[in-house]
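In the working numbering, the protein residues as written are 5 to 105.
What follows is one structure encoded as structure tokens, with my remarks underneath.
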């Protein structure tokens with residue numbers, strides 16, 4: 005779990021938001037439908053947000069803060085892949101496909 009918390013893209017994005025972005029954590033929480041306490045806990049690397057929540061957060065950030073749009077898109081893609089994996093629509097294989105060998 006420590007590695008995941010170190011590489012938490014959502015926490016990095018939240019930490020990168022500054023006063024000059026004109027988007028407070030309170031407003032971000034409201035726009036993304038996330039509790040303010042959860043956003044603060046994620047920013048402080050005390051909690052990991054569920055993948056579905058990370059997708060919503062990433063979309064709000066990319067829509068509202070142009071300078072963070074690129075990392076927000078990467079977070080959305082990563083979280084969308086995690087959701088697909090959790091739902092079973094993407095599977096994990098133990099070996100590479102035959103054409104890759």
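Yeah, the Cβ is synthetic: ideal placement off N, Cα and C, and Gly gets one too.
| Local Cβ density within 10 Å of residue 91, reported as buried at 16 or more and exposed below that | exposed
| said: How far does the alpha helix (DSSP H) with residue 23 in it extend, from its first residue to its last? | reply: Counting along the chain, residue 23 falls outside any alpha helix (DSSP H), and DSSP gives it neither H nor E.
| query | Three or more beta-carbon pairs under 8 Å between the segment 61 to 79 and the segment 16 to 29, yes or no? | reply | yes
| query | Under 7 Å, do residue 61 and residue 13 count as touching if we go by C-beta distance? | reply | no
| message | Here's a check: name, in chain order, each residue in its chain whose Cβ is nearer than 8 Å to the Cβ of residue 46, leaving out the five neighbours to either side. | response | 12, 14, 15, 18, 52, 53
| Buried versus exposed, by CB contacts within 10 Å (16 or more), residue 36 | buried
| message | Measuring only the C-alpha atoms, how far is residue 101 from residue 65? | response | 37 Å
| message | If contacts are defined as beta-carbon pairs under 8 Å, then residue 108 and residue 85 qualify, I think. What distance do you get, rounded to the angstrom? | response | Here the chain has residues from 5 to 105 only, and residue 108 is not among them.
| field | Supposed contact pair residue 41 and residue 87 - C-beta distance, whole angstroms, cut 8 Å | value | That belief does not hold up - the Cβ atoms of residue 87 and residue 41 are roughly 23 Å apart, past 8 Å.
| message | Residues in the same chain with beta-carbon distance under 7 Å from residue 26, minus the five sequence neighbours each way, listed in chain order, please. | response | none
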